[in-house]
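K.L.:
Protein chains in written order, with our numbering: chain A, 2 to 367; chain B, 6 to 188.
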């Protein structure tokens with residue numbers, strides 16, 4: 002057997018100096034891989050996350066409004082509305098030189114971040130309507146007051162897009178300068194796997210909420226892991242491959258910390274989110290009611306940018322783009338960028354593709 | 006000899022993978038009922054998933070096995086690429102299978118079963134814990150939650166009052182009406 006193996010391998014040809022150098026480099030990388038691996042296991046370092054200076058402007062119940070101050074070379078500040086539940090918002094300010102917040106402040110935007118907070122059992126009565134008609138208007142007004150500006154741009158990311166779109170469409174008195182939808186589902190008929198799994202007749206949301214009260218973080222995690230079952234394998238494979246690179250390792254540590262911190266959903270919020278958005282697709286149909294008013298996306302009359310990510314399996318481009326046809330403005334643009342739901346806004350790809358596009362589009366209109 | 010052996014091994018492995026996939030897809034009820042939900046060009050033909058990276062992987066390994074190419078860093082890169090494509094192919098297969106109505110129904114039933122089992126257990130556990138805490142004179146979880154909810158409601162009312170006051174003040178400022186003070 003051994004003889005046969007050697008026969009199969011054939012004669013080993015002489016190595017060129019170039020090949021020898023590359024093999025030496027690979028050997029060095031392997032040593033670095035071992036070193037970084039032992040550090041990660043034996044002496045794990047806490048990643049430095051959310052390093053951009055900020056101040057708390059307002060707090061109501063669990064939700065906070067953060068201000069990231071800039072040199073204010075851009076007159077109109079930006080209000081950033083992320084998802085409620087699921088994950089923590091420090092992904093937008095993950096690490097120095099790898100932060101959307103840092104990018105925007107360096108480009109002169111005063112940046113206001115809505116941090117919905119971590120809701121507990123006592124908040125199970127909080128609905129989507131409460132978030133849109135009570136929390137968001139208050140935070141938006143406080144942001145406007147704090148900035149001293151007369152107008153404000155709003156950027157909704159992920160679930161934050163339908164929430165903020167519902168807010169701006171039902172609050173015509175809010176001085177909206179520009180609106181951006183980044184990877185936010187608008188037409189839930191094209192929302193991919195979640196749409197199938199949460200369809201009426203398949204997923205009994207009432208039974209779910211009535212039994213569990215809230216949606217535990219572990220359940221949220223399970224749903225997202227199931228969406229891409231090979232994610233953990235490919236993440237670990239890429240880690241092993243790049244383990245020699247200290248920059249990659251520090252980025253991975255920060256992202257990995259974020260990726261494993263899931264947040265629960267308040268029960269009533271989840272019920273309305275699934276029923277009105279996923280199961281009945283009320284937003285794009287113009288049937289959604291918030292605070293006694295119909296959410297009519299045609300009420301959005303300012304310049305609009307919608308950004309979809311090609312590999313997004315949470316909010317596929319087909320459910321992001323319809324915002325463009327639903328709003329009443331001529332200055333509107335849809336761009337589809339490489340990457341997935343998270344890599345659209347965080348990571349090296351985002352800093353090359355998405356951030357410059359968003360900041361330049363806004364700067365030209367602010 | 007070497008050529009034939011390595012080729013046979015790789016062919017055998019490829020056959021096994023394809024047969025395994027087909028069996029798996031049949032089990033998911035998809036071999037007969039393809040859905041056009043995602044990756045429509047790929048259909049449900051496992052060959053379409055495997056062929057691109059299978060051919061590449063086979064070519065690379067055949068080269069190593071038959072020509073005696075020395076192991077080099079390039080080989081590692083090729084192996085990494087091979088694994089990436091392997092994972093991507095599996096991802097596509099799983100995504101298609103999970104995008105079917107059969108899978109969604111199955112998952113819905115599993116969740117319902119879980120809720121049917123967990124609801125009475127949860128209720129019984131809560132009752133028992135509440136009774137034990139009441140015996141010790143300690144407030145139950147439900148009482149603490151109710152208190153926290155009450156605090157949140159009070160905070161909400163204060164915020165709403167603040168909103169109203171601000172609106173009134175703004176209106177007064179806008180109309181320029183003189184403010185009266187009572188002694």
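Cβ atoms here follow ideal geometry from the backbone N, Cα and C, with glycine treated the same way.
Check this for me: beta carbons of residue 102 (chain A) and residue 53 (chain A), under 7 Å apart or not?
P.N.:
Cβ atoms of residue 102 (chain A) and residue 53 (chain A): closer than 7 Å.
K.L.:
Check the Cβ-Cβ distances between residue 204 (chain A) and every residue of chain D, and say whether any is below 7 Å.
P.N.:
The chain inventory of the structure shown lacks chain D, comprising the protein chains A and B.
K.L.:
When DSSP builds the beta bridges, which residues end up paired with residue 263 (chain A)?
P.N.:
Note: residue 263 (chain A) sits in a beta bridge opposite A:88.
K.L.:
I'd like to confirm the pairing. Which residues does DSSP put opposite residue 170 (chain A) in its beta bridges?
P.N.:
Its beta-bridge partners do not exist; DSSP assigns none.
K.L.:
Consider the C-beta atom of residue 147 (chain A) and the heavy atoms of the ligand FMN; say whether any pair is separated by less than 6 Å.
P.N.:
Among the ligands in the structure shown, none appear at all, so the ligand FMN cannot be discussed.
K.L.:
Using CA atoms only, rank isn't needed, just tell me which of B:93, B:99, B:90 is closest to residue 27 (chain B).
P.N.:
When each option's Cα is compared against that of residue 27 (chain B), the closest is B:99.
K.L.:
Span of the beta strand (DSSP E) holding residue 112 (chain A)?
P.N.:
Residue 112 (chain A) -> beta strand (DSSP E) spans 112–116.
K.L.:
Excluding the five sequence neighbours on either side, which residues of its own chain have a C-beta within less than 8 Å of the C-beta of residue 48 (chain A), listed in chain order?
P.N.:
These residues qualify, in order along the chain: 96, 251, 254, 255, 258.
K.L.:
What residue range does the beta strand (DSSP E) around residue 242 (chain A) cover?
P.N.:
Counting along the chain, residue 242 (chain A) falls outside any beta strand (DSSP E), though it belongs to the alpha helix (DSSP H) covering 232–243.
K.L.:
Below 9 Å on C-beta distance, what does residue 248 (chain A) contact in chain B?
P.N.:
Per Cβ cutoff of 9 Å: no residues; residue 248 (chain A) is ~19 Å from chain B at best.
K.L.:
Can you tell me which of A:280, A:183, A:37 puts its alpha carbon nearest to the alpha carbon of residue 194 (chain A)?
P.N.:
The shortest C-alpha separation from residue 194 (chain A) is found at A:280.
K.L.:
According to DSSP, residue 61 (chain A) sits in a beta bridge with which residue or residues?
P.N.:
In DSSP, residue 61 (chain A) forms a bridge with A:64.
K.L.:
Please tell me whether residue 282 (chain A) has its Cβ less than 7 Å away from any Cβ of chain B.
P.N.:
Cβ-Cβ to chain B under 7 Å: no for residue 282 (chain A).
K.L.:
Secondary structure at residue 41 (chain B), three-state DSSP: helix, strand or coil?
P.N.:
With a pLDDT of only 42 at residue 41 (chain B), under 50, the local geometry of the prediction cannot be trusted, and no value is derived from it.
K.L.:
Out of A:27, A:91, A:228, state which residue places its alpha-carbon closest to the alpha-carbon of residue 245 (chain A).
P.N.:
The residue with the shortest Cα to Cα distance from residue 245 (chain A) is A:27.
K.L.:
Compare the C-beta of residue 160 (chain B) with all C-beta atoms of chain A and state if any pair is closer than 7 Å.
P.N.:
With 7 Å as the cut-off, residue 160 (chain B) counts as an interface residue toward chain A.
K.L.:
Closer than 8 Å between beta carbons: that is the criterion. Which residues of the segment 115–128 of chain B meet it against chain A?
P.N.:
The residues in question are 116, 117, 120, 123, 124, 127.
K.L.:
Would residue 47 (chain B) count as contacting chain A if we go by Cβ distances under 7 Å?
P.N.:
A caution first: residue 47 (chain B) carries a pLDDT of 41, below 50, which makes its placement in the model too unreliable to give a value.
K.L.:
Starting from residue 282 (chain A), trace the beta strand (DSSP E) in both directions and tell me its first and last residue.
P.N.:
Here residue 282 (chain A) belongs to no beta strand (DSSP E), and DSSP marks it neither H nor E.
K.L.:
Taking the alpha-carbon positions, what's the residue 40 (chain B) to residue 209 (chain A) distance?
P.N.:
For residue 40 (chain B), the predicted structure reports a pLDDT of 44, less than 50, and the residue's modelled location is therefore unreliable. A value from the coordinates is still provided. Roughly 28 Å between the two C-alpha positions.
K.L.:
How far does the beta strand (DSSP E) with residue 28 (chain A) in it reach, from first residue to last?
P.N.:
First-last for residue 28 (chain A): 18–43, but that is the alpha helix (DSSP H), not the beta strand (DSSP E).
K.L.:
Which partner residues of residue 333 (chain A) appear in the DSSP bridge assignment?
P.N.:
A:305, per the DSSP bridge assignment.
K.L.:
Taking 7 Å as the CB-CB limit, is residue 164 (chain B) close to chain A?
P.N.:
Yes, residue 164 (chain B) counts as interfacial toward chain A.
K.L.:
I'd like to know if residue 181 (chain B) contacts chain A, where contact means its C-beta is closer than 7 Å to some C-beta of that chain.
P.N.:
No - not a single Cβ of chain A is within 7 Å of the one on residue 181 (chain B).
K.L.:
Answer with buried or exposed for residue 356 (chain A), where buried requires no fewer than 16 other C-beta atoms within 10 angstroms of its C-beta.
P.N.:
So residue 356 (chain A) ends up on the buried side.
K.L.:
Going by beta carbon distance, what residues of the same chain come within less than 8 Å of residue 16 (chain B), once the five residues before and after it are set aside?
P.N.:
The answer is none, since no qualifying residue turns up.
K.L.:
Pull up the distance between the alpha-carbon of residue 76 (chain A) and that of residue 80 (chain B), whole angstroms please.
P.N.:
Distance between the alpha carbons of residue 76 (chain A) and residue 80 (chain B) is about 54 Å.
K.L.:
Between residue 330 (chain A) and residue 366 (chain A), what straight-line distance do the alpha-carbon atoms span, to the nearest angstrom?
P.N.:
Spanning the two alpha carbons is a distance of roughly 14 Å.
K.L.:
Among A:127, A:139, A:39, which residue has its Cα nearest to the Cα of residue 82 (chain A)?
P.N.:
Among A:127, A:139, A:39, the Cα nearest to that of residue 82 (chain A) belongs to A:139.
K.L.:
Just verifying my parser: in three-state terms, what is the DSSP assignment at residue 82 (chain A)?
P.N.:
Reduced to three states, the DSSP call for residue 82 (chain A) is strand.
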